[in-house]
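Asker: Here it is, the structure, as structure tokens.
Residue numbers (this note's numbering): 434 to 765.
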């Protein structure tokens with residue numbers, strides 16, 4: 434058994450960047466999962482990034498309290514029958530449960546189907562502990578990074594170009610027709626190429642992964658000034674973060690329109706925030722209006738778009754189901 438190819442991959446600059454990003458994702462998901470009482474639908478997205486589509490499709494169909502209880506049960510005494518209870522309750526695949534064990538205890542359990550996924554490197558290990566020793570891995574997060582990495586020598590120029598096109602989609606600027614064209618190209622890919630693209634997107638931008646993999650895409654109007662003032666922060670950072678998190682349990686949002694009050698520049702305190710606002714204002718779907726609320730509701734009624742705001746807009750007529758609270762888009 435030769436593992437020289439793996440050593441060559443591990444030494445690549447792109448792999449090192451991938452490994453660092455992967456570790457942050459897994460450690461974040463692990464920290465969330467080990468505090469089951471604090472779980473909510475938003476935090477579950479971090480867990481789905483590791484557990485995969487099987488979990489993302491099946492777990493949300495039941496109440497989150499059920500998942501919380503089953504995880505607390507496992508953490509109290511991580512026996513095999515308790516994992517089997519969770520598997521049976523959600524009708525999860527064996528690989529999903531193996532990934533759950535890994536996510537909860539990455540120093541003890543390898544990720545699901547790791548041997549099958551190592552075959553692309555032409556190797557097979559029968560004892561996962563041997564992997565840690567032979568490859569000098571810190572824990573099984575390093576193994577997860579290895580099996581989710583797309584080696585440069587298997588990325589075709591077409592796939593790489595498509596990944597770049599997908600990641601360039603800007604909800605504030607990209608034409609709807611261009612987004613649809615890119616998605617049609619993605620949908621036409623073979624299963625292996627599609628899996629490569631999805632693995633890369635999950636590690637780089639979960640929003641863009643959702644844009645490609647989810648069917649329910651809706652337009653949205655963001656109350657920019659309201660987001661900036663959230664929790665009296667008076668910072669545009671929250672808004673920038675929001676644009677990377679435009680998805681909830683059953684919907685992903687594109688395109689996005691931001692409406693600011695005309696005085697927003699004077700609300701922002703730092704010069705950095707003002708510079709960000711200036712660059713943002715150059716995008717095609719940015720508006721400045723006072724009162725902003727009137728234009729936000731007008732767009733929603735005219736275009737059928739959802740709205741993100743902490744305001745209630747009580748003085749306006751609109752579809753109440755189209756108003757989404759900002760907290761639904763916040764990871765904390």
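Positions of the beta carbon are idealized from the N, C-alpha and C atoms, including for glycine.
1. On a Cα-Cα basis, can you pick out the residue from 595, 759, 727 that is closest to residue 748?
2. Comparing the CB of residue 753 with every heavy atom of the ligand MN, is any distance shorter than 8 Å?
3. Kindly indicate which three-state DSSP category residue 757 falls into: helix, strand or coil?
4. Got a sec, what are the start and stop residues for the alpha helix (DSSP H) residue 657 sits in?
5. Nearest to residue 528 by CA position, among 739, 488, 551, is which residue?
6. Taking the alpha carbon of residue 463 as the reference point, which residue from 445, 631, 470, 483 has its own alpha carbon closest?
7. Below 6 Å CB to CB, which residues in the same chain sit around residue 742 once its five sequence neighbours on both sides are set aside?
8. How far does the alpha helix (DSSP H) with residue 455 in it reach, from first residue to last?
9. Identify every residue that forms a DSSP beta bridge with residue 730.
10. Could you pull out every unbroken alpha helix (DSSP H) segment of at least 4 residues lying fully inside the region 487-514, listed in chain order?
11. Counting only runs that start and end within the region 680-723, where is the beta strand (DSSP E) found for 3 or more residues in a row?
12. Once DSSP output is grouped into helix, strand and coil, what is the label at residue 651?
13. Would the beta-carbon of residue 619 fall within 9 Å of that of residue 651?
14. When the Cα atoms are used, what is the spatial distance from residue 633 to residue 750?
15. Leaving out five residues on either side along the sequence, give the residues of the same chain with a beta carbon under 6 Å from the beta carbon of residue 693.
16. Figure out for me which residue from 670, 723, 688, 724 has the closest Cα to the Cα of residue 703.
17. Count the other CB atoms, across all protein chains shown, that sit within 10 Å of the CB of residue 500; report buried if there are 16 or more and exposed otherwise.
18. Exposed or buried, residue 612, counting other C-beta atoms within 10 Å across all chains shown (16 or more means buried)?
19. For residue 749, which three-state DSSP category applies?
20. Between the alpha carbons of residue 593 and residue 478, how many angstroms are there, rounded?
21. By the three-class DSSP mapping on this structure, what secondary structure does residue 739 have?
22. Are the beta-carbon atoms belonging to residue 729 and residue 713 less than 9 Å from one another?
23. Mind checking whether residue 762 and residue 678 have CB atoms under 9 Å apart?
24. Buried or exposed: where does residue 724 fall if 16 or more other Cβ atoms within 10 Å of its Cβ makes it buried?
25. Identify, in the order they occur along the chain, each residue of the same chain with its Cβ nearer than 6 Å to the Cβ of residue 717, setting aside the five sequence neighbours on each side.
26. Just to confirm the assignment, what range does the alpha helix (DSSP H) spanning residue 528 have?
27. Among 481, 486, 471, which has the Cα closest to the Cα of residue 502?
28. Which stretch, first to last residue, makes up the alpha helix (DSSP H) that contains residue 664?
29. Which residues in the same chain have their Cβ closer than 8 Å to the Cβ of residue 599, if we skip the five residues on either side of it in sequence?
30. Taking buried to mean at least 16 other C-beta atoms within 10 Å of its own C-beta, is residue 756 buried or exposed?
31. Would you kindly check if the distance between the Cβ of residue 459 and the Cβ of residue 577 is under 9 Å?
Answerer: Once the coordinates are examined:
1. 727
2. Absence of the ligand MN is noted for the structure shown, with no ligands found whatsoever.
3. strand
4. 657-661
5. Minimum Cα distance to residue 528 is reached at 488.
6. 483
7. 656, 659
8. Note, residue 455: alpha helix (DSSP H), 446-466.
9. None; residue 730 has no bridge partner.
10. 497-509
11. 685-693, 719-721
12. It is a strand residue.
13. Not closer than 9 Å, so no.
14. 43 Å
15. 657, 658, 721
16. Here the closest residue by C-alpha is 670.
17. Buried: at least 16 other Cβ atoms inside 10 Å.
18. Around the C-beta of residue 612, 16 or more other C-beta atoms lie within 10 Å, and the residue is accordingly described as buried.
19. coil
20. 25 Å
21. strand
22. no
23. yes
24. exposed
25. 606
26. Residues 527-537.
27. 471
28. No alpha helix (DSSP H) holds residue 664; DSSP gives it neither H nor E.
29. 615, 619, 630, 634, 641, 644, 645
30. buried
31. yes
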